[in-house]
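Take 0 as the starting number for the sequence shown in numbering that gives the first Met the number 0 and just add one per residue.
Right, one structure below, let's go through it.
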Amino acid sequence: MKKLYILVIKTFLGPFILTFFITLFILVMQFMWVYIDDMVGKGLDSFTVLELLFFATANLIPMALPLAVLLSSIMTFGNLGENYELVALKSSGMSLQRIMFPLIVFMIFLSIGAFYFSNNIWPKANLKFASILHDVRAKKPAFDIQDNVFYKEIGGFVIHVKHRDKETDVLHDITIYDHSDQRGNTRVIKAKRGTMVLSDNQQALNFTLIEGNLYDEMEGKDHPHYRSSFGKKIISFDLSDFKLKRSDEELFKNNYKMMNLSRLSAEIDTLWLRYGERSDEFETSMLKSIYYMKDSISLDTSYQEYSLAEDWMSGESKNKKLQYLNWASNVLRTTKTYSESFNGDLKNRKKNINRAYIEWHRKFTLSIACLILFFIGAPLGAIIRKGGLGMPVVISIVFFLIFHMTSISGEKMAKNDQLAVWIGMWLSSAILFPIGAFLTFKATTDSAIFDAGFYKSILGKLLRIGFVNKWANRGTEEA
């Protein structure tokens, strides 16, 4: 029995590892395609790029893991069925559940590992990824001067070079517009040729200009013009802005995706406490600030002694009546504006609470999804009895799309408060769990649910029954 269990686990581990890394590679390539514009032309060093890809890969594991479990389980039991190994095992008296037992134990440990990853590693990976991606996006493009192109990336300066000799690296016909004093093109430097060299610490760019003129419009009432010539002039530009600056990770820690269960639970309690305080504040404001407003034209408290059927304003003058009506109209407008503003504030607070709950439930949904997709994939493989990357891939994609689309839809509705958060986050599991139970039952009873011959035989029987009924009805009519 132990040899059988080892054989089943070895048969599963190969496709699982292969499909997991293939899926992860495809998702990373998709990430590169989406963010390629933010990285190209920034002069990033290889370590920064590898660091970004590493944390992006860790961020994509929750999407790759369920698909790998589904596909590998279909492939494993499909191969066993295609090679008639399942038939041999069942003929020896073993049930499908007994054959699946070692993989069920493996999936339980995998689910526990997935929960640990979601709760401890994934938040840190999200934090690192968000921080690095923010810094890469904020970084200026690498210093690159091209022919006949105005280069504006150096703060306060615009540089134009007519031609750059690629062999000698000499610049010809150089024009530098100095805008550092924010007065427009009041200071211009022109040179016939020159060279540029980075400083030893890579923090400055030294321009050596040969045979040129400096034009400067002086400040003053008449704006006197100053011109000077030079044979050689060295100008240094600060390039510290071109270096990748790492942000403080503390700036991103308040995002719910960067929190574990304990922090999320504490944050949810805090959000509910502030939500309740804000609701109480509304009630207090409405009662004290609006309905009991003290004003020079406030109603006399004696009006409360009248019943609604009495016309207590009949004895008042026209001006006094207008004052009362204006007062009431102002109170209603103020109340309406305040109520709408407060309602919008409460909706935003509720959305924040929902987002925190979503991340709290997400810690568990990955683990349960792996188990459910295994109980879909393993019975499917036993039923269709096809291994390899043909039919299993097609079926895996169909079920994964169902899982992914229902997950996204449920999460979106939960975020917008259209569904309870626990319903939205567990919607995909609630839909796929009955499917997994049904397929497991059918595979246990050796159902021919995916056997084309089974449906052909049913269709043939229906056609024969229809043919016999047609002739019987014809004979009755002739009689």
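Idealized CB from N, CA, C, for every residue including glycine.
Counterpart residues of ASP146 in DSSP-defined beta bridges: VAL160
Nearest-angstrom Cα separation, counted from LEU6 out to TYR83: 15 Å
DSSP state of LEU418 mapped onto helix, strand, coil: coil
Residue closest to MET195, alpha-carbon to alpha-carbon, out of GLY13, ILE35, ILE233: ILE233
Whole-angstrom distance between TYR255 and GLU358, CA atom to CA atom: 7 Å
Residue interval of the alpha helix (DSSP H) (run including ASN353): 317 to 383
With 16 other Cβ atoms within 10 Å as the buried cut-off, status of ILE383: buried
Pairwise C-alpha distance: THR22 and ARG163: 46 Å
DSSP bridge partner residues for ARG195 (one or two, in chain order): First, the amino acid is wrong: residue 195 is Met here, not Arg. According to DSSP, MET195 bridges with PHE206.
Helix, strand or coil at ASN212 according to DSSP, with G and I counted as helix: strand
Span of the beta strand (DSSP E) around ILE175: 170 to 177
Closest residue to PHE378 among TYR34, ASN259, ARG97 (Cα-Cα distance): A small fix is needed here, since residue 378 is Pro in this sequence, not Phe. The option with the nearest alpha carbon to PRO378 is ARG97.
Closest residue to ILE340 among SER278, MET424, ILE103 (Cα-Cα distance): The sequence shown places Ser at residue 340, rather than the Ile named in the question. Among SER278, MET424, ILE103, the Cα nearest to that of SER340 belongs to SER278.
Proximal residues to VAL187 (C-beta, below 6 Å), its chain only, five neighbours per side dropped: TYR176, TYR214
Segment contact flag, the region 333 to 349 with the region 402 to 414, C-beta cutoff 8 Å, min 3 pairs: no
MET99 vs GLY380 beta-carbon contact at 8 Å: no
Burial state of TRP425 (16 or more Cβ within 10 Å): buried
Classification of TRP32 by the beta-carbon crowding that lies within 10 angstroms, buried from 16 upward: exposed
Cβ shell of SER428 (< 7 Å), same chain only, five flanking positions each side left out: THR364, ILE367, ALA368, ILE371
With 16 other Cβ atoms within 10 Å as the buried cut-off, status of PRO433: exposed
Which of helix, strand or coil DSSP assigns to ILE289: Here ILE289 scores only 49 on pLDDT, less than 50, and its place in the model should not be relied on; the value that follows carries that caveat. Here ILE289 sits in helix by DSSP.
Span of the alpha helix (DSSP H), counted from its first residue to its last, around LYS89: 84 to 90
Run of the alpha helix (DSSP H) containing TYR115, from where it starts to where it stops: 95 to 115
Sequence-distant residues of the same chain with beta carbon closer than 8 Å to ILE111, five excluded per side: SER366
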